[in-house]
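Novice: Just dropping this structure here.
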Amino acid sequence: MTSALDISRTSPAHPQRGGTRKARDRGHIQIRDVSVEFERNGDWMAAVKRANLEIKPGEFVCLLGPSGCGKSTLLNTVAGFVNATRGELLVDGQPVTAPGPDRGMVFQQHSLFPWKTVRDNVAFGPLMAGMGRTEALSLARTFLSLVGLSAHASAYPATLSGGMQQRVGIARALANYPSVLLMDEPFGALDAQTRIMMQESLLEIWSEFGNTVLFVTHDIDEAVFLSDRIVIMSASPGRIIADIQVSLPRPRTQDLLTSPDFIELKRECLDLIRRETLRAFEQQNSGGR
Amino acid sequence: MSLEKSEIGSPVIDPVDTPATDTAVAGPAPVKRRARRLPEAVNRYLVRATALIVAILIWHWASTSGFNLFINFENVPGPLVVWNALMQEIVSKTFYVHILYSLQRIGIAYLIAVVLGVALGVLMGRWRLAEDIIAPYIELLRPIPAVAWIPLAILMMPSEESSIIFITFLGALFPIVINTVHGVEQTPKVLVRAARSLGASNAAILRHVVLPGALPSIVAGLAIGMGVAWFSLLAGEIISGQYGIGYFTWSAYTLIEYPKIIIGMLMIGGLGTLCTLMIKMACRPLLRWQAQGKNA
Chain A
17 MTSALDISRT SPAHPQRGGT RKARDRGHIQ IRDVSVEFER NGDWMAAVKR
67 ANLEIKPGEF VCLLGPSGCG KSTLLNTVAG FVNATRGELL VDGQPVTAPG
117 PDRGMVFQQH SLFPWKTVRD NVAFGPLMAG MGRTEALSLA RTFLSLVGLS
167 AHASAYPATL SGGMQQRVGI ARALANYPSV LLMDEPFGAL DAQTRIMMQE
217 SLLEIWSEFG NTVLFVTHDI DEAVFLSDRI VIMSASPGRI IADIQVSLPR
267 PRTQDLLTSP DFIELKRECL DLIRRETLRA FEQQNSGGR
Chain B
2 MSLEKSEIGS PVIDPVDTPA TDTAVAGPAP VKRRARRLPE AVNRYLVRAT
52 ALIVAILIWH WASTSGFNLF INFENVPGPL VVWNALMQEI VSKTFYVHIL
102 YSLQRIGIAY LIAVVLGVAL GVLMGRWRLA EDIIAPYIEL LRPIPAVAWI
152 PLAILMMPSE ESSIIFITFL GALFPIVINT VHGVEQTPKV LVRAARSLGA
202 SNAAILRHVV LPGALPSIVA GLAIGMGVAW FSLLAGEIIS GQYGIGYFTW
252 SAYTLIEYPK IIIGMLMIGG LGTLCTLMIK MACRPLLRWQ AQGKNA
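If you read the sequences in order, they're chains A and B.
Offset between the first sequence (1-based) and my numbering: plus 16.
Offset between the second sequence (1-based) and my numbering: plus 1.
Here is the structure:
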């Protein structure tokens with residue numbers, strides 16, 4: 017097994033910008049009064065209701081909430097897969113209208129092209145951007161070594177474990193040098209041990225790239241461990257009920273998970289979630305009618 | 002050639018297996034499996050060969066003893082008679098002319114059916130309006146057997162040759178269209194989204210996501226289409242035409258040359274199987290990713 021952490025060898029400097037640090041200037045997300053409504057059997061259902069959120073360039077933000085609370089819908093709106101029915105959504109000042117390579121997406125699972133080798137999966141974005149094949153493949157090689165999968169470059173995705181597949185997914189999204197990395201419960205289908213390894217290695221990769229990350233999860237531990245900020249959503253209709261700063265020191269490793277600071281913060285989160293969920297529920301029942 | 006290849010098919014899978022076993026912990030297990038798998042494959046082909054030989058023996062017995070109980074074997078030539086007749090045909094030039102004619106018709110008709118069938122299928126699978134326009138024709142025309150097309154084909158087409166090709170083409174077309182539509186419609190949404198967020202255009206999504214994803218289904222359609230093409234061709238050749246295996250078989254019947262009927266039938270079966278096998282073999286490299294996934 018290749019280590020999840022051997023990213024030290026190569027640092028993929030951006031060909032045009034001459035370095036990865038500068039990515040910190042990009043990736044400014046502004047979500048202003050955004051609602052997403054779907055029509056279902058003649059009724060309009062709000063998956064996201066009047067969400068406001070501003071994410072600074074280079075920030076790691078987790079969207080935390082129960083399943084069905086609209087956090088994935090909000091993420092998909094930023095990705096451009098779903099259109100907001102109200103409000104305004106800007107990435108680096110540009111309104112989002114469609115998916116684009118400036119916003120890299122990592123899905124929960126089974127999102128690699130099964131008929132392409134691992135290398136060709138990673139090279140796909142650069143090829144679509146008009147890069148030559150040789151160049152795109154060498155870029156793919158760099159990114160595969162970043163996620164520690166150089167040895168599996170010519171394998172097909174189905175031969176890899178779930179954790180390996182997700183690492184390829186991350187490499188594939190990063191190969192376009194996106195200003196924003198959108199992650200939709202990327203480790204949700206992995207076993208606990210693999211998940212922690214993946215979280216650690218994601219943080220290492222992120223510290224290298226410094227791009228904005230919007231990460232959807234329903235796992236409080238994951239949210240506290242990873243993020244600078246936790247944005248909590250509640251269900252039906254999906255709205256943002258709390259915004260918590262996580263000021264645990266970086267770099268963070270597995271040891272943090274058992275530290276008093278971590279546990280204290282996790283307790284605060286749990287309390288806040290309970291309080292805010294109850295409040296939102298009461299508001300909805302009294303004020304909403 | 003092709004038959005030989007498929008006989009060694011099972012052991013050949015093993016090298017494909019090795020990348021997966023690399024990561025596995027157990028060392029001796031794969032070796033054990035390999036050792037057991039080889040005789041098993043050989044065994045299965047032995048059983049198949051035996052089954053065929055038994056059938057030929059029963060046929061021989063029934064035709065020589067004049068078996069007549071509901072099914073009448075009295076006028077059926079036995080395997081030895083057929084074999085002798087085949088030896089005669091093999092040295093005659095016209096026999097090969099018949100085969101070549103049939104193969105040429107299959108080749109032309111099948112090629113048109115593949116191009117048109119895949120194109121129509123993709124169009125229908127990707128574009129709802131196209132599906133709504135084309136689907137009624139497909140549904141209505143598909144159950145019509147090739148024989149029923151003969152009168153109309155003769156009326157419509159400029160020559161006898163083209164009417165046979167038309168009928169063959171129709172036979173191959175429908176399974177290819179239907180399987181392509183099925184494959185295209187099953188494209189996972191997440192893969193289309195992934196491609197889009199990586200900057201792929203609609204054309205690139207078609208080429209890199211939709212078509213490769215539909216390929217297993219398309220290949221199945223191609224194989225079925227080849228089989229249907231053969232029996233549609235035969236229908237066309239029996240009624241009209243001067244050459245071809247179908248004509249050969251039918252004229253043997255009118256000339257009361259019974260052994261030749263059986264030769265014709267066996268040629269049809271053999272050539273049809275061979276062509277289907279060739280299609281499958283030709284498509285196999287395109288589906289390599291699938292075989293690897295199954296072994297992992």
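The C-beta atom is built at its ideal place from N, Cα and C for all residues, glycine as well.
This structure is a prediction, so every number in the text was calculated from the model and none was measured.
Please tell me whether G96 of chain A has its Cβ less than 9 Å away from any Cβ of chain B.
Specialist: Numbered from 1 along the first sequence, position 80 holds the residue referred to as residue 96 of chain A. With 9 Å as the cut-off, G96 of chain A counts as an interface residue toward chain B.
Novice: Return the CA-CA distance between K190 of chain B and A50 of chain B, expressed in angstroms with no decimal places.
Specialist: Within the second sequence, the letter at position 189 stands for residue 190 of chain B. Within the second sequence, the letter at position 49 stands for residue 50 of chain B. One C-alpha to the other measures close to 46 Å.
Novice: Residues of the stretch 197 to 225 of chain B with a CB closer than 8 Å to any CB of chain A: list them in chain order, please.
Specialist: Cβ contacts with chain A: R197, S198, L199, G200, A201, S202, A205, H209, V210, P213, G214, L216.
Novice: Nearest by alpha-carbon distance to R290 of chain A: which of A:K65, A:G81, A:I45, A:G179 is it?
Specialist: Mapped onto the first sequence, residue 290 of chain A falls at position 274. R290 of chain A has its Cα closest to that of A:G81, out of A:K65, A:G81, A:I45, A:G179.
Novice: Could you check what DSSP says for W131 of chain A in three-state terms: helix, strand or coil?
Specialist: Taking the first residue of the first sequence as position 1, residue 131 of chain A is located at position 115. Correct three-state label for W131 of chain A: coil.
Novice: In the DSSP assignment, find the beta strand (DSSP E) that holds Q46 of chain A and state where it starts and stops.
Specialist: Residue mapping note: residue 46 of chain A aligns to position 30 of the first sequence, counting from 1. Run containing Q46 of chain A: 45 to 56, per the beta strand (DSSP E) assignment.
Novice: Would you grab the beta carbon distance between A191 of chain A and S250 of chain A for me? Rounded to a whole angstrom, and I think it's under 8 Å.
Specialist: Taking the first sequence and counting its residues from 1, one reaches residue 191 of chain A at position 175. Taking the first sequence and counting its residues from 1, one reaches residue 250 of chain A at position 234. In fact, because the Cβ distance is near 36 Å, the residues do not count as touching under 8 Å.
Novice: If the criterion is Cβ atoms closer than 9 Å, does the pair R149 of chain A and L219 of chain A meet it?
Specialist: One-based indexing of the first sequence puts residue 149 of chain A at position 133. One-based indexing of the first sequence puts residue 219 of chain A at position 203. No. Outside cutoff.
Novice: Within 9 Å (strictly less), CB to CB, does S127 of chain A reach chain B?
Specialist: Position 111 of the first sequence, counted from the start, is the residue given in the question as residue 127 of chain A. It does; some Cβ of chain B falls within 9 Å.
Novice: Report, in whole angstroms, the separation of the C-beta atoms of V119 of chain B and I219 of chain B, which I expect to be a contact under 8 Å.
Specialist: Within the second sequence, residue 119 of chain B is the residue found at index 118, counting from 1. Within the second sequence, residue 219 of chain B is the residue found at index 218, counting from 1. Yes, V119 of chain B and I219 of chain B are in contact; Cβ-Cβ is about 6 Å, under 8 Å.
Novice: Taking a contact to mean a Cβ-Cβ separation below 9 Å, would you say R334 of chain A touches L165 of chain A in this structure?
Specialist: Since the first and last residues shown for chain A are 17 and 305, residue 334 of chain A lies out of range.
Novice: The alpha helix (DSSP H) spanning R127 of chain B covers which residue range?
Specialist: On the second sequence, residue 127 of chain B is found 126 positions in, with the first residue counted as 1. Taken as a continuous stretch (DSSP letters only), the alpha helix (DSSP H) holding R127 of chain B covers 94 to 127.
Novice: Would you tell me roughly how many angstroms separate the C-alpha atoms of M282 of chain B and S275 of chain A, rounded to the nearest one?
Specialist: For the purposes of this step, residue 282 of chain B is taken as the residue at position 281 of the second sequence. For the purposes of this step, residue 275 of chain A is taken as the residue at position 259 of the first sequence. Going from the Cα of M282 of chain B to the Cα of S275 of chain A covers about 60 Å.
Novice: Would you check if there are 3 or more beta carbon pairs closer than 8 Å linking the stretch 161 to 174 of chain B to the stretch 107 to 115 of chain B?
Specialist: Cβ pair count under 8 Å is three or more, so yes.
Novice: Near H183 of chain B, which residues of its chain fall below 6 Å by C-beta distance, leaving aside the five closest residues on each side in sequence?
Specialist: Mapped onto the second sequence, residue 183 of chain B falls at position 182. Excluding sequence neighbours, H183 of chain B sits near S218.
Novice: Going by DSSP in three states, K261 of chain B sits in which element: helix, strand or coil?
Specialist: Here residue 261 of chain B is taken as the residue at index 260 of the second sequence, counted from 1. If DSSP states are grouped into helix, strand and coil, K261 of chain B belongs with the helices.
Novice: Taking just the CA atoms, how far does R255 of chain A sit from L106 of chain A?
Specialist: One-based indexing of the first sequence puts residue 106 of chain A at position 90. One-based indexing of the first sequence puts residue 255 of chain A at position 239. Going from the Cα of L106 of chain A to the Cα of R255 of chain A covers about 19 Å.
Novice: Taking the alpha carbon of D108 of chain A as the point to measure from, which residue in A:V94, A:M121, A:P130 has its own alpha carbon closest?
Specialist: Within the first sequence, numbered from 1, the residue matching residue 108 of chain A stands at position 92. Among A:V94, A:M121, A:P130, the Cα nearest to that of D108 of chain A is on A:V94.
Novice: Using the rule of at least 16 other Cβ atoms within 10 Å of the residue's Cβ for burial, across every protein chain shown, is Q215 of chain A buried or exposed?
Specialist: Position 199 of the first sequence, counting from 1, holds the residue named residue 215 of chain A. Under this definition Q215 of chain A is a buried residue.
Novice: In this structure, does DSSP put A39 of chain A in helix, strand or coil?
Specialist: Mapped onto the first sequence, residue 39 of chain A falls at position 23. Interpretation of A39 of chain A is limited by its pLDDT of 49, a score under 50 that renders its predicted location unreliable; no figure is taken from the coordinates.
Novice: Would you list, in sequence order, the uninterrupted alpha helix (DSSP H) runs of no fewer than 4 residues that lie entirely inside the stretch 122 to 188 of chain B?
Specialist: 129 to 142, 147 to 157, 161 to 186, all fully within the stretch 122 to 188 of chain B.
Novice: Alpha carbon to alpha carbon, how far is A169 of chain A from P194 of chain A?
Specialist: As a first step, residue 169 of chain A must be located in the first sequence, where it is residue number 153. As a first step, residue 194 of chain A must be located in the first sequence, where it is residue number 178. Looking at the two C-alpha atoms, the distance is approximately 22 Å.
Novice: Does the stretch 226 to 238 of chain A touch the stretch 259 to 267 of chain A, meaning 3 or more C-beta pairs lie closer than 8 Å?
Specialist: These segments do not touch.
Novice: Applying the criterion that 16 or more other CB atoms from any shown protein chain within 10 Å of the CB defines a buried residue, is W131 of chain A buried or exposed?
Specialist: Against the first sequence, residue 131 of chain A aligns to sequence position 115. So W131 of chain A counts as buried.
Novice: Let me know if A63 of chain A comes out buried or exposed under the rule of 16 or more other beta-carbons within 10 Å of its beta-carbon.
Specialist: The residue you call residue 63 of chain A lines up with position 47 of the first sequence. So A63 of chain A ends up on the buried side.
Novice: Closer than 9 Å, CB to CB, is R135 of chain A near chain B or not?
Specialist: As a working mapping, residue 135 of chain A is identified with position 119 in the first sequence. It does not; no Cβ of chain B falls within 9 Å.
Novice: Tell me whether the beta-carbon of V138 of chain A lies closer than 9 Å to the beta-carbon of I45 of chain A.
Specialist: Position 122 of the first sequence, counted from the first residue, corresponds to residue 138 of chain A. Position 29 of the first sequence, counted from the first residue, corresponds to residue 45 of chain A. Cβ distance not < 9 Å, so V138 of chain A and I45 of chain A don't count as in contact.
Novice: Got a sec, what are the start and stop residues for the beta strand (DSSP E) F231 of chain A sits in?
Specialist: Translated into positions along the first sequence, residue 231 of chain A becomes position 215. Where F231 of chain A is concerned, the enclosing beta strand (DSSP E) stretches over 228 to 233.
Novice: For R255 of chain A, go through chain B and note every residue whose CB falls closer than 8 Å to its CB, in chain order.
Specialist: Taking the first residue of the first sequence as position 1, residue 255 of chain A is located at position 239. Those do not exist, as R255 of chain A stays about 25 Å from chain B at its closest Cβ, beyond 8 Å.
Novice: Using the three-state DSSP reduction, which class does P111 of chain A fall into: helix, strand or coil?
Specialist: Locating residue 111 of chain A in the first sequence gives position 95, where the first residue counts as 1. Reduced to three states, the DSSP call for P111 of chain A is strand.
Novice: Go ahead and label G58 of chain A buried or exposed: buried means 16 or more other beta carbons lie within 10 angstroms of its beta carbon, across all protein chains shown.
Specialist: As a first step, residue 58 of chain A is located in the first sequence; it is residue number 42 there, counting from the start. It counts as exposed.
Novice: If you count every other CB in all the chains shown that lies within 10 Å of the CB of Y172 of chain A, and 16 or more means buried, which is it?
Specialist: Position 156 of the first sequence, counting from 1, holds the residue named residue 172 of chain A. By the 10 Å Cβ count, Y172 of chain A comes out buried.
Novice: Counting only beta-carbon separations shorter than 9 Å, does K87 of chain A have a partner in chain B?
Specialist: Here residue 87 of chain A refers to the residue found at position 71 of the first sequence. No, K87 of chain A does not count as interfacial toward chain B.
Novice: What whole-angstrom Cβ distance do I246 of chain B and S103 of chain B have, given they're in contact under 8 Å?
Specialist: Numbered from 1 along the second sequence, position 245 holds the residue referred to as residue 246 of chain B. Numbered from 1 along the second sequence, position 102 holds the residue referred to as residue 103 of chain B. That pair is a contact at about 5 Å.
Novice: Could you give the DSSP three-state label for R285 of chain B: helix, strand or coil?
Specialist: The count along the second sequence starts at 1 and reaches residue 285 of chain B at position 284. If DSSP states are grouped into helix, strand and coil, R285 of chain B belongs with the helices.
Novice: So, is the C-beta of Q291 of chain B closer than 9 Å to a C-beta in chain A?
Specialist: Translated into the one-based positions of the second sequence, residue 291 of chain B becomes position 290. Yes, because at least one Cβ of chain A sits closer than 9 Å to the Cβ of Q291 of chain B.
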